[in-house]
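To start, the structure under review is shown below, and the notes come after it.
Numbering (the numbering used here), first residue to last: 17 to 190.
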């Protein structure tokens, strides 16, 4: 049975669920701690103290959201996803900090040039945002596109700004 815990970051309170084999889910900020815990409970997780694996993942997520360059690849993942979704997550994990691809770029890298919408669907199902940096995928013409985390596009823009992606770190009027 997975364990889960909540932790604070520069963008708000987040959560993580893990087993002894790896991280199964990451929750970005929700309106309440209960909402985060409920989301993680959907992965079968129960609250518990962070162990070494979870502690390392939390440290890396906090550091990334503080604007530091962090390698997420050492974090083991345990994902129950389709082969297509897994291939999308592999491509996304290769996008370096400060860079972006479009949904179409990801589809082309997978050898399915017409599958931009399917890529978007896979990213909407990403159970480990930040570790698998789905926020680094944009619509054509650098449109922010969707983001399934609470706060949607605003959260995505904020994370891209933290990572130093040009055009996303400027203050806005609103």
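Even glycine gets a Cβ: it sits at the ideal position worked out from N, Cα and C.
Taking all protein chains in view, the Cβ of residue 18 is crowded by 16 or more other Cβ atoms within 10 Å, so the residue is classified as buried.
Per DSSP, the unbroken alpha helix (DSSP H) holding residue 102 starts and ends at 99 to 109.
In the DSSP assignment, the residues bridged to residue 31 are 22 and 43. With fewer than 16 other beta carbons inside 10 angstroms of its own, residue 63 counts as exposed. A straight line joining the alpha-carbon of residue 22 with that of residue 51 spans about 11 Å. Here residue 119 has 132, 135, 136, 153, 155 and 161 as same chain residues with Cβ atoms under 7 Å from its own Cβ, once five neighbours each way along the sequence are excluded.
Cβ neighbours of residue 25 within its own chain (closer than 7 Å, five residues either side excluded): 77, 78 and 81. Annotated as proximal: residue 44 and residue 145, with beta-carbon spacing under 8 Å. The Cβ neighbour count for residue 116, taken over all protein chains shown within 10 Å, is at least 16; the residue is labelled buried. When secondary structure is reduced to three states using DSSP, residue 93 falls in the strand class. Here residue 106 is exposed, its C-beta having fewer than 16 other C-beta atoms within 10 Å.
Inter-residue distance for residue 32 and residue 41 is about 6 Å (C-alpha atoms, whole angstroms). Within the segment 119 to 185, the complete alpha helix (DSSP H) runs of at least 4 residues fall at 119 to 125, 132 to 140 and 168 to 178.
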